[in-house]
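Q:
2 protein chains.
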Amino acid sequence: MSLCKILVAQGGGPTAVINQSLVGVVLEARRQHQVGLVYGARHGVRGIINEDFVDLTQETSHNLELVAQTPSSALGSTRDKPDAAYCHKIFKVLQAHGITHFFYIGGNDSSDTVRIVSEEAAAASYPLRCIHIPKTIDNDLVGNDHTPGFPSAARFVAQAFAGANLDNAALPGVYVGVVMGRHAGFLTAASALGKKFPDDGPHLIYLPERVFDLQQFLADVKATYERFGRCVIAVSEGIHDASGQPIAAQLARDLERDDHGNVQLSGNGALADLLCEEIKDKLGIKRVRGDTFGYLQRSFIGCVSDVDQREAREVGEKAVQFAFNAGRDGSVAIKRSGYYSVDYELLPLTAVAGKTRVMEDEFIAASGTDVTDAFRLYLRPLLGSGLPDAFRLRPNPVAKVLNPE
Amino acid sequence: MSLCKILVAQGGGPTAVINQSLVGVVLEARRQHQVGLVYGARHGVRGIINEDFVDLTQETSHNLELVAQTPSSALGSTRDKPDAAYCHKIFKVLQAHGITHFFYIGGNDSSDTVRIVSEEAAAASYPLRCIHIPKTIDNDLVGNDHTPGFPSAARFVAQAFAGANLDNAALPGVYVGVVMGRHAGFLTAASALGKKFPDDGPHLIYLPERVFDLQQFLADVKATYERFGRCVIAVSEGIHDASGQPIAAQLARDLERDDHGNVQLSGNGALADLLCEEIKDKLGIKRVRGDTFGYLQRSFIGCVSDVDQREAREVGEKAVQFAFNAGRDGSVAIKRSGYYSVDYELLPLTAVAGKTRVMEDEFIAASGTDVTDAFRLYLRPLLGSGLPDAFRLRPNPVAKVLNPE
């Protein structure tokens, strides 16, 4: 019996736990008797067409466990989205190296890559098992309760807003925090989990699932500021006007687009700065501060959900088990089975590939600027254990002497 | 014997551990037999002139311990810097309430406030013990080995750059991270502690202690990018040209100044965005991303140095002990006594007030864009225990088949 040859790669934006999935694949594959070699492609599909492979069979289990704990993509990643010609090159390389199983860890663009490669192999009658392993901080893969990487990024956002709220309470003013998420507002909505006391921020949350209107925004901020003497705001980078034009894109001097035709929304502070300027100019509030969470929210080392780590590891392991037992290609999906427990399924690639999930209506409050309890119930277990908590002094006012009230 | 009446307040920018100092004062003061009441002023000196006091004698020790673990200023803060007239109002309120001991937790502006109030009381022959308790993420107080708040902010910056470096290695390009610190580069320099492997970033560090030259900056970035195929850069918000003009201020449309006459450098992403645009335009590098760490670096909940927590608590406790035993006003200072151990001193207020420490030359590499081992030795113990570590896959390249090298 000739031994199988595994290839694993990582695509798209890194997450805090994508290496858990990588290590899940490698350790589970090395455990299979029919597996001879486990290769990793450096920098995703680009590494495949360049034959830029490393032999993961030679890596120690001990170092693999340490790499699993390390954020970002240990094999490197890519933003390339293969078309038919690109996939043909992939196919030729896989054939030349005798690869029998291809695992690609990534988001919906990556799942589409796996679909194309799978179809290419089938059309050429080349026996190749193709499995997509979910990963995205945006939580926008269909067919999944949630996606690995999202819980840890959500935890960062919740902790960031919990802290920003405390800072804003000490030095009152308006604070705008811009969060990643082009089409899906899940990560921005996670800011709501940073709230504890009734008057805590974020007081307003703007999601890409709702049309953003600058005048309404200013009215919301004004009302909140008048009520609390301060205002903490969570804004998705993907907010857009009624025509679908991103607010951020309206401001950018040069529209940078990636290979998928997407406008570059992250990596600059333009949206936060514009919104702050509008608030200063139109509402006359002096202390207005804006932060763009940028790459910190997906790359910060030392803010991870243990639930996310565990599930990211398991989707990697399950991918290998499905590859050898399910008899078909597919995309591994997380299903919620209890509160809180999960199980894993293998979905057809066509059910996931290239599709985008957005926040369900039941998760968004009628106001359009808050989340519902259903969302809090959904997200809380994903954030994991040991979430920091904020405490306050209780009010014990002292009577005034010089100016008694 | 009439019982003493304590007043404690927090000024300036919040930190992750400023409530440790507050709780150190309160618990130690409540332990003293001669103390009757412990008041807190809400929002610093502004709360004093408004007689906005809370009675901390009524707070539970249990809740105080939980508040101590919570970042930001639990009493609220202010940016007010009292002049003689303002201090006179403070004095009148302290007199009216029979305050005998005044503790103010803050940076060099706050220490100057304590100095003025102390002199005002002495001139009026009013018996008032005034103690300044150090706090600043900028680490720019003279007479201190370091200041409470700095180690936790430094830990955030080190962890942020460790993660940004991993992200940048996965998707290579140029990354610019802008760090707080108007005059002192300590916090920006802390980014160097995020490095582990020889080719890790930050590859370039720009401090306010050195003149920033845009052409030299671009040459540095170009050389690094050519060497490593990527470049991670740490930049202080306080970088300035040879005339002392801040690079950030050159860009800001409206120069917002606080009551101390300082230009507002934080709270927008302008500096990062300008530097990124320059790199794109002049060096023709496509993937250039900038983040401004903003308020996250001082307010993030869940990233704290245990060493910082301990010392912040102790400076509060020591302040009370000095107040009752030293027989003079002053500013509590941290002295390094071993590697690593500290002791505390009471410095004269005039030795600290209004002065600014910057990074010592021995901490800055000759290149001007890196730190020295002396700085690494200085900073490492302050970051505390449990610092996350990054691991890599070892290179085990697979021979190419289609295009053998």
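Top to bottom, those sequences are chains A and B.
So that you can map any letter, position 385 of the first sequence is 385 in the UniProt record's numbering, and since no number is skipped, the others follow by simple counting.
So that you can map any letter, position 255 of the second sequence is 255 in the UniProt record's numbering, and since no number is skipped, the others follow by simple counting.
Yeah, the Cβ is synthetic: ideal placement off N, Cα and C, and Gly gets one too.
Please name the residue, chosen from V38/B, L37/B and D52/B, that lies closest to G44/B on a Cα-to-Cα basis.
A: D52/B
Q: Do you know offhand how far Y206/A's Cα is from V179/A's?
A: 10 Å
Q: With which residues is P397/A paired in a DSSP beta bridge?
A: V54/B
Q: Please report the Cβ distance between R30/A and V38/A, rounded to the nearest whole angstrom; I am assuming they are in contact, meaning their Cβ atoms lie under 8 Å.
A: 6 Å
Q: Reducing DSSP to helix, strand and coil, say where Q10/A ends up.
A: strand
Q: Could you name the residues of chain B that K318/A contacts, counting a contact when the two beta carbons are closer than 7 Å?
A: The contacting residues do not exist; K318/A stays about 22 Å from chain B at best.
Q: Taking only three categories from DSSP, how would you classify A192/A?
A: helix
Q: Inspect the beta-carbon positions of V157/A and S110/A and report whether they are closer than 8 Å.
A: no
Q: Checking contacts by CB at 8 Å: is A153/B closer than that to chain A?
A: no
Q: Below 7 Å between beta carbons is the criterion; list the residues of the region 230-241 of chain A that meet it against any residue of chain B, in chain order.
A: Taking 7 Å as the Cβ-Cβ cut-off against chain B, none of the residues of the region 230-241 of chain A qualify.
Q: Write down the C-beta distance between P388/B and I301/A rounded to the nearest angstrom, noting that I regard them as a contact closer than 8 Å.
A: With a beta-carbon spacing of about 5 Å, P388/B and I301/A fall inside the 8 Å limit used to define contacts.
Q: Report the neighbours of Q248/A on chain B: residues whose CB is nearer than 7 Å to its CB, in chain order.
A: For clarity, residue 248/A is Ala in the given sequence; the question names Gln instead. Those within 7 Å of A248/A in chain B number zero; the least Cβ separation is about 12 Å.
Q: Count the other CB atoms, across all protein chains shown, that sit within 10 Å of the CB of Y378/A; report buried if there are 16 or more and exposed otherwise.
A: buried
Q: Could you pull the DSSP bridge partners for T78/A from this structure?
A: Paired residue(s): none; T78/A is not in a bridge.
Q: Can you give me the Cβ contacts of R392/A inside the same chain, cut-off strictly under 8 Å, excluding the 5 residues immediately before and after it?
A: F197
Q: Any contact of the region 273-283 of chain A with the region 136-143 of chain A, i.e. 3+ C-beta pairs under 8 Å?
A: no
Q: With DSSP collapsed to three states, give me the class of D281/B.
A: helix
Q: Below 8 Å, how does it come out for the region 229-243 of chain A and the region 170-178 of chain A: are there three or more Cβ pairs, yes or no?
A: yes
Q: Between the region 105-119 of chain A and the region 348-361 of chain A, are three or more C-beta pairs nearer than 8 Å?
A: yes
Q: Distance, Cα to Cα, F217/A vs S118/A?
A: 46 Å
Q: Near S305/A, which residues of its chain fall below 7 Å by C-beta distance, leaving aside the five closest residues on each side in sequence?
A: P151, S152, R155, L382, L383 and G384
Q: In angstroms with no decimal places, state the Cα-to-Cα distance between V17/A and G327/A.
A: 28 Å
Q: Give the C-beta separation of V315/B and I334/B to the nearest angstrom, bearing in mind that I take them to be a contact with Cβ-Cβ under 8 Å.
A: 7 Å
Q: Would you identify the three-state DSSP class for A242/B, choosing helix, strand or coil?
A: Residue state, collapsed to three classes: coil.
Q: In this structure, how does DSSP classify Y339/A when only helix, strand and coil are distinguished?
A: coil
Q: In angstroms, rounded to a whole number, what distance separates the CA positions of Y344/A and M359/A?
A: 21 Å
Q: Across the region 87-94 of chain A and the region 120-129 of chain A, are there enough close Cβ pairs to call them in contact, namely three or more that are closer than 8 Å?
A: Under the three-pair Cβ rule at 8 Å, the region 87-94 of chain A counts as touching the region 120-129 of chain A.
Q: Can you tell me whether G47/B sits near the ligand COA, meaning its C-beta is under 7 Å from at least one heavy atom of the ligand?
A: This structure lacks the ligand COA; in fact it carries no ligand of any kind.
Q: Which ranges would you report for the alpha helix (DSSP H) in the region 157-240 of chain A if only whole runs of at least 4 residues count?
A: 186-189 and 214-228
Q: Between the alpha carbons of R253/A and K5/A, how many angstroms are there, rounded?
A: Its pLDDT being 47, under 50, R253/A is placed unreliably by the model, and the measurement read from it follows with that caveat. In this structure, the straight-line span from the alpha carbon of R253/A to that of K5/A is close to 48 Å.
Q: Helix, strand or coil for C4/A? Go by DSSP, reduced to three states.
A: Looking at C4/A - three-state DSSP - the assignment turns out to be strand.
Q: Mind checking if S72/B is an interface residue toward chain A, Cβ cutoff 8 Å exclusive?
A: Judged by the 8 Å Cβ criterion, S72/B is in contact with chain A.
Q: List, in chain order, every chain B residue whose beta-carbon is nearer than 7 Å to that of V398/A.
A: What V398/A touches in chain B: Y39, F53, V54 and D55.
Q: Is there a Cβ from chain B that is less than 8 Å from the Cβ of T292/A?
A: Yes - at least one Cβ of chain B is within 8 Å of the one on T292/A.
Q: Three-state secondary structure (DSSP) at T372/B?
A: coil
Q: Run through the DSSP bridge pairs and tell me what C130/B is partnered with.
A: F102/B
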